[in-house]
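Here the numbering used here is used: the first residue of the sequence shown is 525, the next is one more, and so on. Scroll down for the structure; my scribbles are underneath it.
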Amino acid sequence: MKHQMRAEYRSGGDVGAEATVKTWHMVRGDGTTALCGRDLDERSATRSEREWGAMDEPFCHTCGAVYLREVP
Ligand SMILES: [Zn+2]
Numbered sequence: 525m526k527h528q529m530r531a532e533y534r535s536g537g538d539v540g541a542e543a544t545v546k547t548w549h550m551v552r553g554d555g556t557t558a559l560c561g562r563d564l565d566e567r568s569a570t571r572s573e574r575e576w577g578a579m580d581e582p583f584c585h586t587c588g589a590v591y592l593r594e595v596p
């Protein structure tokens, strides 16, 4: 199954390139529900799953654990 990273932002309303990313989560396909169960804004930034672990911002540990069980 294909995954992609999706951003959770520090500020409540701001979403997009100008907003500060708090944590990167992993979602399935184009979904907005992270593997850890958190609902993310559909307008939030996404990145290729290949960039997991390569970004400056923190990564969700729960998403990481679930992701590693779902990818071969
Ligand atoms: Zn997560």
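The beta-carbon is built from N, C-alpha and C at its ideal position, and this holds for glycine as well. Since the structure is predicted, the reported quantities are computational estimates derived from the model, not experimental observations.
Could you check what DSSP says for ARG593 in three-state terms: helix, strand or coil? As a position in the sequence shown, residue 593 is number 69, starting the count at 1. Helix, per DSSP.
Enclosing beta strand (DSSP E) for ARG552 [first to last residue]: Along the sequence shown, one-based indexing puts residue 552 at 28. Residue range 545 to 552 is occupied by the beta strand (DSSP E) that includes ARG552.
Return the residue from the list ALA578, ARG593, SER568 that minimises the CA-CA distance to ARG534. The residue you call residue 534 lines up with position 10 of the sequence shown. Taking only the C-alpha atoms, the option nearest ARG534 is SER568.
From VAL539 to VAL595, what distance separates their C-alpha atoms? Counted from its first residue, the sequence shown places residue 539 at position 15. Counted from its first residue, the sequence shown places residue 595 at position 71. Distance between the alpha carbons of VAL539 and VAL595 is about 28 Å.
Which residue comes first and which comes last in the beta strand (DSSP E) that contains ARG571? Position 47 of the sequence shown, counted from the start, is the residue given in the question as residue 571. First-last of the beta strand (DSSP E) with ARG571: 570 to 572.
Presumed contact (8 Å Cβ cut-off) between VAL551 and ARG530, rounded CB distance: Sequence index remark: in the sequence shown, residue 551 carries index 27 (1-based). Sequence index remark: in the sequence shown, residue 530 carries index 6 (1-based). Yes, they are in contact, since the Cβ atoms of VAL551 and ARG530 sit about 5 Å apart, within 8 Å.
Rounded to the nearest angstrom, what separates ASP565 and GLU532 at their Cα positions? Start at 1 with the first residue of the sequence shown, and residue 565 comes out as number 41. Start at 1 with the first residue of the sequence shown, and residue 532 comes out as number 8. C-alpha separation (whole angstroms): 8 Å.
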